[in-house]
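Numbering (our numbering), first residue to last: 83 to 378.
Where is the CB? At the ideal position from N, CA and C, for every residue including glycine.
Just so it is clear, the structure is predicted and the values come from calculations on it, not from any experiment.
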Amino acid sequence: MYIQSKLFKAQIAIQLILIVLVSLIPITVKAQAILCGILLCTVGIPHGSNDYLYRSDKSAKGMMKFLAVYLGTMLLYLVLWWIAPLLALLLFFVISFHHFGQSNFENESFKYTPSWLWGIWVLALPVLLHFDEAIGIFLQMLSTTTNTTIVSTSSTHSAWPFILIAVFGTVYIISLLTFERKNILLYFTQFIIVTIWYFLTPLLAGFIIAFCLWHSLQSMQHQASYFKQSTGRSVHQFLIAMLPFSLMALISFGVYVYFRSFNVAEAFILLSIITLPHVIVMHRLYHKTNHVLNVE
């Protein structure tokens, strides 16, 4: 079980160390970019590169069918971004809320309350804390212009984001007391230190590091455990299997940055397009996991 695993304890320790570091030492923008780049290349992007291993048909024909469906889903989502960007953005929010929460609680159900609340908390908290900057990115993703003065005023001179944070945080804690009483101390510790982390860090650096530390690492552990139990192969073989599509993704991203330069809004759109089929694969994997293993 993830919440009681050595990885979870290591994540707590790493997060506490990072909190102390950012509290005591000014971290330059360049240092933030380097750290985020390293984490994305080593953990963030690769954690979804083994989706092909979990297809039901292991034959070459099954692989071609899997890739066709996977890439087809990405293409359809790209079309949705083109014709209905607001709907595409809302879909990105919903699937991300579900995916982040599901991985944290390793629950196959769409209806598990703490899962949804945690997913929303992890993604919405940095947005509320850096509202103007986040709204600017969302507007770029929608290719829409608006009066930034109005947006800035509504967030800067209003207490509503902090009221919402307090209310939603309370609701999440109540859900833990209701559904996760056995592990309440561990989940509450996670909640507190991730919240502190977001209060201390900039929008993008704070989110990317939290994403890699709390989502990508956990997902990789879950996948590796399933891979070992279902195939009898080693973690080393799991990591080797991860290389081909990880390298393809990293090279593709490098080519994109080289020719387009780095645009945050475009990068999040690309992330959303990759995320949709990955979320579908992982949701099915969590369902399979309940019948194959108990992750320690």
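With a cutoff of 8 Å on beta-carbon distance, residue 295 and residue 114 are scored as not near each other.
Put simply, the backbone Cα of residue 146 is about 19 Å away from that of residue 367. Annotated three-state conformation of residue 108 is coil, per DSSP. Between residue 355 and residue 153, the CB-CB gap reaches or exceeds 8 Å. In the structure shown, the three-state DSSP call for residue 365 is helix. Residue 224 sits in coil when the DSSP states are folded into three classes, being neither helix nor strand. One alpha carbon belongs to residue 222, the other to residue 175, and they sit about 16 Å apart. Cβ-Cβ distances below 7 Å link residue 179 to 198, 201, 202 and 205 in the same chain, with the five nearest sequence neighbours on each side left out; the list follows chain order. Pairwise C-beta distances place the stretch 310 to 328 out of contact with the stretch 99 to 117, as fewer than three of them are shorter than 8 Å. Under the three-pair Cβ rule at 8 Å, the stretch 335 to 343 does not count as touching the stretch 207 to 216. Here residue 94 is not near residue 274, since their CB atoms are 8 Å or more apart. Minimum Cα-Cα distance from residue 106 among the listed residues 282, 240 and 365 corresponds to 282. According to the DSSP assignment, residue 332 belongs to the alpha helix (DSSP H) that extends over 317 to 342.
Per the C-alpha coordinates, the member of 347, 133, 263 and 251 positioned closest to residue 220 is 347. When the Cα atoms are used, residue 196 and residue 208 turn out to be separated by approximately 19 Å.
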